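Participant: Just passing along the structure, written as structure tokens.
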Amino acid sequence: DVHFAFGNACLDAAVADPSSALSTWLPAAEAAWIRCLEIGEHSPYNDHLRGRGGHLAAHNLAVIYAGTGQHGLADRYRRMAEQKN
Numbered sequence: 372d373v374h375f376a377f378g379n380a381c382l383d384a385a386v387a388d389p390s391s392a393l394s395t396w397l398p399a400a401e402a403a404w405i406r407c408l409e410i411g412e413h414s415p416y417n418d419h420l421r422g423r424g425g426h427l428a429a430h431n432l433a434v435i436y437a438g439t440g441q442h443g444l445a446d447r448y449r450r451m452a453e454q455k456n
């Protein structure tokens, strides 16, 4: 969950600081959400929120890829989000 929250914080920072969005904030968000997918939904913690290691992270990646014109990656993660949901 911490990686997902960090990705969301980076996205918020990208909106607040557009001049650094492409160079700093969006790559950090991307890395965090990719890490969520690598970890997956399996967690030893009882308060783990379902979806953060699956469809929610994939959806967020699809959104940032679409917003940055990376339509092939956006489609890939959109399909992944639909399958994991």
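The opening position of the sequence shown corresponds to residue 372 in our numbering, with each subsequent residue numbered one higher.
For each residue, glycine too, the CB sits at the ideal point set by N, CA and C.
Remember, predicted model here, so these are calculated numbers, not experimental data.
(1) Work out the CA separation of D372 and P389 for me, nearest whole Å.
(2) Report yes if the C-beta distance between R421 and C407 is below 8 Å; otherwise report no.
(3) Whole angstroms are fine: how far does the CA of V434 sit from the CA of G440?
(4) List, from N- to C-terminal side, the alpha helix (DSSP H) runs of 4 residues or more that fit wholly inside the region 398 to 440.
(5) Beta carbon of A400, beta carbon of L382: below 8 Å?
(6) In terms of alpha-carbon separation, which member of V386, A385, A387, W404 lies closest to G378?
Facilitator: Quick answer:
(1) 25 Å
(2) no
(3) 10 Å
(4) 426 to 438
(5) yes
(6) W404
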